[in-house]
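Protein chains: 2
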Amino acid sequence: MSSAPLTRKEQIDQVATSLFKSRGFAATTMRDLALELGIEAGSLYSHIKSKEDILQRVCFKMADEFNAAFNEVKGQNVPAGEKLRLAVAAHVRVLTKNPPAAGVFLNEWRHLSEPSLSKFHDMRYQYEESLRQIVRDGIASGEFKVTDEKFVVLTLLSSLNWLHMWYKPEGKMSPDEIAEFLSNLLLNGLKNF
Amino acid sequence: MSSAPLTRKEQIDQVATSLFKSRGFAATTMRDLALELGIEAGSLYSHIKSKEDILQRVCFKMADEFNAAFNEVKGQNVPAGEKLRLAVAAHVRVLTKNPPAAGVFLNEWRHLSEPSLSKFHDMRYQYEESLRQIVRDGIASGEFKVTDEKFVVLTLLSSLNWLHMWYKPEGKMSPDEIAEFLSNLLLNGLKNF
DNA sequence: TACGTTTACGAACGCCCGTTAGCAAATTTT
DNA sequence: AAAATTTGCTAACGGGCGTTCGTAAACGTA
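Just so you know, the protein sequences line up as chains A and C, in that order.
The opening residue of the first sequence carries number 0 in numbering that gives the first Met the number 0; numbering runs sequentially from there.
The opening residue of the second sequence carries number 0 in numbering that gives the first Met the number 0; numbering runs sequentially from there.
This is the structure:
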């Protein structure tokens, strides 16, 4: 359970991520960040290219993790309901593994500049589209009674993506239990939970 | 259907709200705002006290609207499921009546400074607590099978509060239809919609 | 016509921002 | 031990920020 030794650059990314999440990207200054690390602001530039450089690294690293987790689900040959359950679990697992990075990924991506911003948009669209496909399959097979798969996926992601706001690793529910709870709630509803 | 003539101050609030929502509070400059209004930055201060002054007005005005809409639901003597349905409808109605203001209320409140920030936190806690009470009543009466009312309310609000991100007044669904869709999804689930 | 109010201008203020440059320790590699 | 690399400092840059100030048109009202 020992953590690998972080390079200075990784330390910077990590501390910046936590500041970006709690104060926002725009409201976090390089001097704040340096102070947190016990060095001077100018010293940061021995390790990083720019402030946005950090943001890009965090955002695309998280995007990769979401995709990797989801790709393991995609291939499986199971009913839509079960596949959605697995997708939710994968999503929750990534979200809870690194809540600060998840927060930056979800809320601060809009401070990316082009062409990173467009690339980010594209990746997110693909991810959502894959989820919509699962819901469409469930509708086609009669498993889901709903008709508007866009609306369903938006609601699904919305309810998942606030998790990082209140999730605490030391809380009483594990990521898997959270995933199960959310799956049940969304698939069966409050009345038939 | 004619709109009342806006005072200059109300115009400023309105334009600022839309900028705060699309660019964020911190990334919106007074010079941006002035440009949008066709005046100089200094001229703004003939009408407003400060940049945060605008933010406060938007946030607390929205908070009042949420409370007002919810208070009409609170008093009604109906089963928990029905009451939750009404609360969702009320919430959606406020959310969709002014999406930019809703966006600022939901995402930019953290740029409030004390004591406004604490006041805001308190109001939101009260709102959430009222929702939790409905869920608790539903659990006590056996109407809801779930056990963790905190989790339920967090998920409920999460799925509602992203509405402003994609809702367009000219879209094919009315606020009431959206409310009904969301209520069904949350109460009955994807499988029994 | 005179007067108070509303609305706006344009310049400037003090401050903070991201970033750069040149230099010097410290650390690692050879 | 020498060389190369990593890490950090101090000082400063150009620029943008929210805001203030004194002034002046424009406007509604008497």
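Backbone N, C-alpha and C define an ideal beta-carbon position, used for all residues, glycine too.
query, result
"Which listed residue (S42(A), V103(A), L83(A) and L18(A)) has its alpha carbon closest to that of R56(A)", "V103(A)"
"Pairwise C-alpha distance: M122(C) and A62(C)", "8 Å"
"Contact residues within the stretch 24 to 35 of chain A, judged by C-beta distance below 9 Å to chain C", "F24, A25 and A26"
"Under the three-state DSSP convention, the category Q75(C) falls into", "coil"
"Alpha-carbon to alpha-carbon, L159(A) and L181(A)", "8 Å"
"Of the listed residues F150(C), F24(C), L189(C) and D52(C), nearest to K171(A) (C-alpha basis)", "F150(C)"
"Beta-carbon neighbours of K144(A), restricted to chain C and to distances below 8 Å", "L189, K190, N191 and F192"
"A86(A) beta carbon less than 7 Å from that of V72(A)", "yes"
"Interface residues of chain C facing F150(A) [CB-CB closer than 9 Å]", "M172, I177, F180, L181 and L184"
"Three or more C-beta pairs below 8 Å linking the stretch 29 to 36 of chain A and the stretch 30 to 37 of chain C", "no"
"Assigned exposure category for E64(C) - 16 Cβ within 10 Å defines buried", "buried"
"Below-7 Å beta-carbon distance, S140(A) vs any chain C residue", "no"
"Where the stretch 36 to 55 of chain C meets chain A: residues whose CB sits under 8 Å from a CB there", "none"
"Host alpha helix (DSSP H) of S115(A) (start-end)", "S115 to A139"
"Positions along the stretch 101 to 126 of chain C whose CB lies within less than 9 Å of some CB in chain A", "N106, R109 and H110"
"Three-state secondary structure assigned by DSSP to L181(C)", "helix"
"Exposure label - L54(A); buried when at least 16 CB within 10 Å", "buried"
"Pair within 7 Å by beta-carbon distance, T6(A) and F19(A)", "no"
"CB contact flag (I11(A), A79(A), <7 Å)", "no"
"Simplified DSSP state of I53(A), which is helix, strand or coil", "helix"
"Counted within 10 angstroms of its Cβ, other Cβ atoms place G37(A) as buried (16 or more) or exposed", "exposed"
"Exposure of P4(C), with buried meaning 16 or more beta-carbon neighbours within 10 Å", "exposed"
"Interface flag, T154(C) vs chain A, CB-CB below 7 Å", "yes"
"Check whether F192(A) and K144(C) have beta carbons under 7 Å apart", "yes"
"Residues in the stretch 64 to 97 of chain C having any Cβ partner in chain A nearer than 7 Å", "G80"
"Residue environment, K82(C), which counts as buried when at least 16 other CB atoms sit within 10 Å", "buried"
"Where F192(A) sits in the DSSP three-state scheme", "coil"
"Residues that S17(A) contacts on chain C, provided the C-beta gap is smaller than 7 Å", "Per Cβ cutoff of 7 Å: no residues; S17(A) is ~15 Å from chain C at best."
"C-beta contact flag for L43(C) and K190(A) at 7 Å", "no"
"Proximity of I177(C) and V93(C) at Cβ, strictly below 7 Å", "no"
"Three-state secondary structure assigned by DSSP to M172(A)", "coil"
"Short Cβ contact (7 Å threshold) for A68(C) with A89(C)", "yes"
"Expected contact under 8 Å - CB spacing of E51(A) and S112(A) to nearest Å", "6 Å"
"Sequence-distant residues of its chain with Cβ nearer than 8 Å to K60(C) (five each side left out)", "A100"
"Start-to-end residues for the alpha helix (DSSP H) that takes in R22(A)", "R7 to R22"
"Cβ-based burial, S157(C) [other Cβ within 10 Å; buried from 16]", "buried"
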